[in-house]
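Right, one structure below, let's go through it.
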Amino acid sequence: QGGARDATAARWNGSPYHAGSLAEPRPIVLPPYQALTDGAAALGHNFLPFDEDGVARRMPPFVVNGGKELASLGVATALLAGGFRPEDVAAEDGMLRVGNRHIPMIRRRVGNHDEWSMLINFRAPALVRDASGEWSRPYPAYEFRQLFAAEQEILLGQKPRIDPAVFKDKVVFIGLTA
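Residue numbers (our numbering): 1461 to 1638.
Here you go:
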């Protein structure tokens, strides 16, 4: 809001869900490239403020930029997977209401405004032991090159190295790195 907008940046629609006064104002929101932005079931922000001691314990459930709100990645996922409607989400008495649930918010004064955030529930450990005693990540991760190779194998009529069925009825996050 203080500088010129990057003409090459992807355009994004605001979320149909609104947290009103609980949404954290952000000067810029950069979505992924346009084709991925357009094809995504939902977008979610990753703004993560640190506590005074340098530890991340909380996250704003929504940010707002240019009048458009955007839920955090976790909140956006829960709203989409839970089938919640826009009217199911609202700011009420310092809490975020989602359906019949009320999520307590933490208010902290930052500069000249109140920052509202919710505690992060770190549930999954970094590694879990499977039935054979081997250690692995709690959630599977796939590299693009593995998925691309599997697609090529399918197109050639071969058995793919990654069965597409592993994604059926799953929430899939696509992360971009440079």
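Yeah, the Cβ is synthetic: ideal placement off N, Cα and C, and Gly gets one too.
This structure is a prediction, so every number in the text was calculated from the model and none was measured.
Own chain, CB closer than 7 Å to residue i, minus 5 neighbours either side, in chain order
i	result
residue 1559	1544, 1548
residue 1564	1555
residue 1469	1490
residue 1610	1620, 1621, 1622
Close Cβ partners of residue i (< 6 Å) along its chain, the five nearest in sequence each way excluded
i	result
residue 1557	1550
residue 1584	1598
residue 1510	1516
residue 1634	none
residue 1496	none
Rounded straight-line distance, which links the Cα of residue j to that of residue i
i	j	result
residue 1473	residue 1528	7 Å
residue 1522	residue 1479	7 Å
residue 1535	residue 1562	13 Å
residue 1614	residue 1604	15 Å
residue 1627	residue 1502	17 Å
residue 1553	residue 1488	28 Å
residue 1498	residue 1492	9 Å
residue 1573	residue 1500	32 Å
residue 1538	residue 1466	31 Å
residue 1630	residue 1512	36 Å
residue 1486	residue 1475	15 Å
residue 1578	residue 1617	48 Å
residue 1594	residue 1526	48 Å
residue 1507	residue 1582	16 Å
Integer Cβ distance of residue i from residue j, believed to fall under 8 Å
i	j	result
residue 1596	residue 1587	7 Å
residue 1580	residue 1516	7 Å
residue 1520	residue 1477	With a Cβ gap of about 13 Å, residue 1520 and residue 1477 do not count as contacting.
residue 1481	residue 1505	Contact doesn't hold; Cβ gap of about 17 Å is too wide.
residue 1427	residue 1483	Limits of the chain in this structure are 1461 at one end and 1638 at the other, which puts residue 1427 out of reach.
In DSSP terms, what residue i is bridged to
i	result
residue 1595	1589
residue 1523	1484, 1530
residue 1558	1549, 1561
residue 1575	1568
residue 1518	1579
Proximity test, residue i beta-carbon vs the ligand SAM heavy atom, cut-off 8 Å
i	result
residue 1557	The ligand content of the structure shown is nil, which means the ligand SAM is not present either.
Cutoff 8 Å; reference residue i; Cβ partners in own chain excluding five residues on either side
i	result
residue 1569	1575
residue 1567	1554, 1574, 1575, 1576
residue 1494	1470, 1471
residue 1624	1610, 1614
residue 1600	1626
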